[in-house]
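**Student:**
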Amino acid sequence: MIFSPKCNNSITLTSFVHVHYILVSCTKQWSKTQQQEEKFPERKSQYIKYCKKYPWMIKYVWEKGEYDMKYVICDMDGTLLDSKKRLPSKLNKVIDELKKRDVIFGIASGRQYFNLYEQFPDHRDDMLFIAENGGIVYQGNSPVFADALPMEDIQRVIIKARQIKDSYPIACGMKSAYLETEDAQFLKNAHMYYAHLEIVDDILTAIQNDQIAKITLYDKRNAQTNSYAAIKADTGSLRPVVSGEDWVDISNPTTSKGNAIAMLKTKYHLDSDDFVAFGDFMNDYEMMKECTYSYAMANAHPDLKAVCNYETCSNDEDGVIKAICALYDLDYEAL
Numbered sequence: 006m007i008f009s010p011k012c013n014n015s016i017t018l019t020s021f022v023h024v025h026y027i028l029v030s031c032t033k034q035w036s037k038t039q040q041q042e043e044k045f046p047e048r049k050s051q052y053i054k055y056c057k058k059y060p061w062m063i064k065y066v067w068e069k070g071e072y073d074m075k076y077v078i079c080d081m082d083g084t085l086l087d088s089k090k091r092l093p094s095k096l097n098k099v100i101d102e103l104k105k106r107d108v109i110f111g112i113a114s115g116r117q118y119f120n121l122y123e124q125f126p127d128h129r130d131d132m133l134f135i136a137e138n139g140g141i142v143y144q145g146n147s148p149v150f151a152d153a154l155p156m157e158d159i160q161r162v163i164i165k166a167r168q169i170k171d172s173y174p175i176a177c178g179m180k181s182a183y184l185e186t187e188d189a190q191f192l193k194n195a196h197m198y199y200a201h202l203e204i205v206d207d208i209l210t211a212i213q214n215d216q217i218a219k220i221t222l223y224d225k226r227n228a229q230t231n232s233y234a235a236i237k238a239d240t241g242s243l244r245p246v247v248s249g250e251d252w253v254d255i256s257n258p259t260t261s262k263g264n265a266i267a268m269l270k271t272k273y274h275l276d277s278d279d280f281v282a283f284g285d286f287m288n289d290y291e292m293m294k295e296c297t298y299s300y301a302m303a304n305a306h307p308d309l310k311a312v313c314n315y316e317t318c319s320n321d322e323d324g325v326i327k328a329i330c331a332l333y334d335l336d337y338e339a340l
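Each residue of the sequence shown is one higher than the one before, starting from 6 at the first, in the numbering used here.
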């Protein structure tokens, strides 16, 4: 059965027949021998050319049983969550179906681990959590990896951040997150992303007994033009990344969602074909480059779409769930 997500950019019958003909022709050639299967990367660009816009065609042209993706990794904000910050209503059933196929569902987010863990009470102990944009990785409630920042660079960034108008720093650690202000708007946003949060007089004093994996700046103006512009030259060895309209994340230059995926590949002897990934913003960029099945949301940043192999519906159109259903031959309407 062909599963066609009901997105605004639905294909015409003419487009469908054209893509169907080309993909089936290619697939017949690709599936002849094991040797040809091993050469798939050489032909992948041709396949991607016709599937990038129509991701639901993948399941149609490949024989059932050829899929062996072991992880499905989703960004949260702008990707899995809709614009009202709600999880998909069909998510629990989809995760149940993935578990039956021995596929691990995971989250890769700039959010705090504790925040992510609390949002998935039915499946969290079986899930992978890539938190703080790759700075902290947990399998269930077991830590796998942490990339702590040097104290010298933390001090440099916090001192500079305090000088930026309408910008508020948060030090994100293994034990908690730390901030210095009681600004009502800031706290409302901070509590949305941090389940363990401490308001302190001095961040630099409070973090002495913790490992800090990331410093985040919340910007009440515009993260790109205000906080990022002011601090990008004063982060020492650390790397600043705009992770949303209101947020700048500052971490080690090696820290990224992509590096976390690369670490998992090495640790568990996996490769890019084992990963499906979904994202919408530039803090997902490195992750997409590590995954063969990289999906940009319809609402994604144009530069992210450029690096992804596929595109799905927007976060308000259940794009993640629809693409997973297409990949794993699930009946979206019946879930």
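Glycine included, each C-beta is placed from N, C-alpha and C at the ideal position.
Runs of 4 residues minimum, wholly inside the stretch 65-123: which ones carry the alpha helix (DSSP H) assignment?
**Tutor:** Within the stretch 65-123, the complete alpha helix (DSSP H) runs of at least 4 residues are 96-105, 118-123.
**Student:** Tell me the residue span of the beta strand (DSSP E) that contains A238.
**Tutor:** Residue mapping note: residue 238 aligns to position 233 of the sequence shown, counting from 1. No beta strand (DSSP E) holds A238; DSSP gives it neither H nor E.
**Student:** From the DSSP output, which residues share a beta bridge with L202?
**Tutor:** As a position in the sequence shown, residue 202 is number 197, starting the count at 1. A182.
**Student:** Looking at the structure shown, is I169 part of a helix, part of a strand, or coil, going by DSSP?
**Tutor:** Residue 169 sits at position 164 when you count from the first residue of the sequence shown. Coil.
**Student:** What are the boundary residues of the beta strand (DSSP E) that includes T271?
**Tutor:** The sequence position of residue 271 within the sequence shown is 266, counting from 1. Careful: T271 lies outside any beta strand (DSSP E), inside the alpha helix (DSSP H) at 262-273.
**Student:** Which one of D171, E157, V205, M74 has the shortest CA to CA distance from K104?
**Tutor:** Locating residue 104 in the sequence shown gives position 99, counting from the first residue. That would be M74, whose Cα lies nearest to the Cα of K104.
**Student:** Smallest Cα separation from I135: which of M268, F286, I329?
**Tutor:** Locating residue 135 in the sequence shown gives position 130, where the first residue counts as 1. Checking every option, the nearest Cα to that of I135 belongs to M268.
**Student:** For K165, which residues of its own chain have a beta-carbon under 7 Å away from its beta-carbon, when the five flanking residues on both sides are left out?
**Tutor:** By one-based count along the sequence shown, residue 165 stands at place 160. For K165, where only same-chain residues beyond five positions count, the Cβ hits under 7 Å are I236, D239.
**Student:** What does the alpha-carbon distance come out to for the pair G111 and L209?
**Tutor:** Translated into positions along the sequence shown, residue 111 becomes position 106. Translated into positions along the sequence shown, residue 209 becomes position 204. G111 and L209: Cα-Cα distance of roughly 32 Å.
**Student:** By a C-beta neighbour count over all protein chains shown, 10 Å radius and 16 as the cutoff for buried, is L96 buried or exposed?
**Tutor:** On the sequence shown, position 91 is the one that residue 96 refers to. Under this definition L96 is a buried residue.
**Student:** So which of C296, Y233, L154 has the shortest CA-CA distance to D278?
**Tutor:** Walking along the sequence shown from the start, residue 278 turns up at place 273. When each option's Cα is compared against that of D278, the closest is C296.
**Student:** Can you have a look at I78 and say buried or exposed, based on whether 16 or more other CB atoms are within 10 angstroms of its CB?
**Tutor:** Position 73 of the sequence shown holds residue 78. Flag for I78 reads buried.
**Student:** Quick check on the DSSP output: the beta strand (DSSP E) that includes A282 runs from which residue to which?
**Tutor:** Numbered from 1 along the sequence shown, position 277 holds the residue referred to as residue 282. A282 -> beta strand (DSSP E) spans 280-284.
**Student:** Per DSSP, what are the beta-bridge partners of V247 in this structure?
**Tutor:** By 1-based counting over the sequence shown, the position of residue 247 is 242. Beta-bridge pairing links V247 to V253.
**Student:** By how many angstroms is the C-alpha of Y122 removed from the C-alpha of M132?
**Tutor:** Mapped onto the sequence shown, residue 132 falls at position 127. Mapped onto the sequence shown, residue 122 falls at position 117. Whole-angstrom Cα-Cα distance: 9 Å.
**Student:** Among the residues of its own chain, which have a CB less than 7 Å from the CB of R106, if the five just before and after it don't count?
**Tutor:** For the purposes of this step, residue 106 is taken as residue 101 along the sequence shown, with counting starting at 1. Y333.
**Student:** So, helix, strand or coil for P174, using DSSP?
**Tutor:** Residue numbering aside, residue 174 sits at position 169 when the sequence shown is read from its first letter. The answer is strand: DSSP assigns P174 an E or B state.
**Student:** From which residue to which residue does the beta strand (DSSP E) around P155 run?
**Tutor:** Counting from 1 along the sequence shown, the entry for residue 155 is found at position 150. From DSSP, P155 is part of no beta strand (DSSP E); its letter is neither H nor E.
**Student:** For G249 versus F286, is the C-beta spacing smaller than 8 Å?
**Tutor:** Locating residue 249 in the sequence shown gives position 244, counting from the first residue. Locating residue 286 in the sequence shown gives position 281, counting from the first residue. Yes. Within cutoff.
**Student:** Based on Cα-Cα distance, which residue from Y199, D82, A153 lies nearest to A182?
**Tutor:** Taking the sequence shown and counting its residues from 1, one reaches residue 182 at position 177. When each option's Cα is compared against that of A182, the closest is Y199.
**Student:** How is the beta strand (DSSP E) around Y290 delimited, first residue to last?
**Tutor:** The residue you call residue 290 lines up with position 285 of the sequence shown. Run containing Y290: none in the beta strand (DSSP E); it sits in the alpha helix (DSSP H), 290-294.
**Student:** Opposite D224 in the DSSP bridges: which residues?
**Tutor:** Counted from its first residue, the sequence shown places residue 224 at position 219. DSSP, once it has assigned bridges, lists S172 as partnering D224.
**Student:** Taking the alpha-carbon positions, what's the T230 to D251 distance?
**Tutor:** In the sequence shown, counting from the first residue as 1, residue 230 sits at position 225. In the sequence shown, counting from the first residue as 1, residue 251 sits at position 246. Computed Cα separation, rounded: 10 Å.
**Student:** Of the choices M81, V99, K98, I100, whose alpha-carbon is the least far from that of R91?
**Tutor:** Position 86 of the sequence shown holds residue 91. Cα-wise, what sits closest to R91 is M81.
**Student:** Out of N138, C313, V281, which one is the CA nearest neighbour of A153?
**Tutor:** On the sequence shown, position 148 is the one that residue 153 refers to. The shortest C-alpha separation from A153 is found at N138.
**Student:** Is it buried or exposed, S349, if we count other Cβ atoms within 10 angstroms and call 16 or more buried?
**Tutor:** Absent from the structure is residue 349, since the part of the chain shown begins at 6 and ends at 340.
**Student:** By how many angstroms is the C-alpha of Y223 removed from the C-alpha of Y173?
**Tutor:** By one-based count along the sequence shown, residue 173 stands at place 168. By one-based count along the sequence shown, residue 223 stands at place 218. Each residue's Cα considered, the two are about 5 Å apart.
**Student:** Please report the straight-line C-alpha distance between G145 and M197, rounded to a whole angstrom.
**Tutor:** One-based indexing of the sequence shown puts residue 145 at position 140. One-based indexing of the sequence shown puts residue 197 at position 192. Straight-line Cα distance between these residues: approximately 21 Å.
**Student:** Using DSSP's beta-bridge definition, name the partner residues of V325.
**Tutor:** By one-based count along the sequence shown, residue 325 stands at place 320. Paired residue(s): none; V325 is not in a bridge.
**Student:** Can you tell me the Cα-Cα spacing of V247 and D254, whole angstroms?
**Tutor:** As a first step, residue 247 is located in the sequence shown; it is residue number 242 there, counting from the start. As a first step, residue 254 is located in the sequence shown; it is residue number 249 there, counting from the start. Using only the alpha carbons, I get a separation of about 6 Å.
**Student:** Just verifying my parser: in three-state terms, what is the DSSP assignment at E1?
**Tutor:** For the chain, the structure presents residues 6 to 340; residue 1 sits outside this window and is missing.
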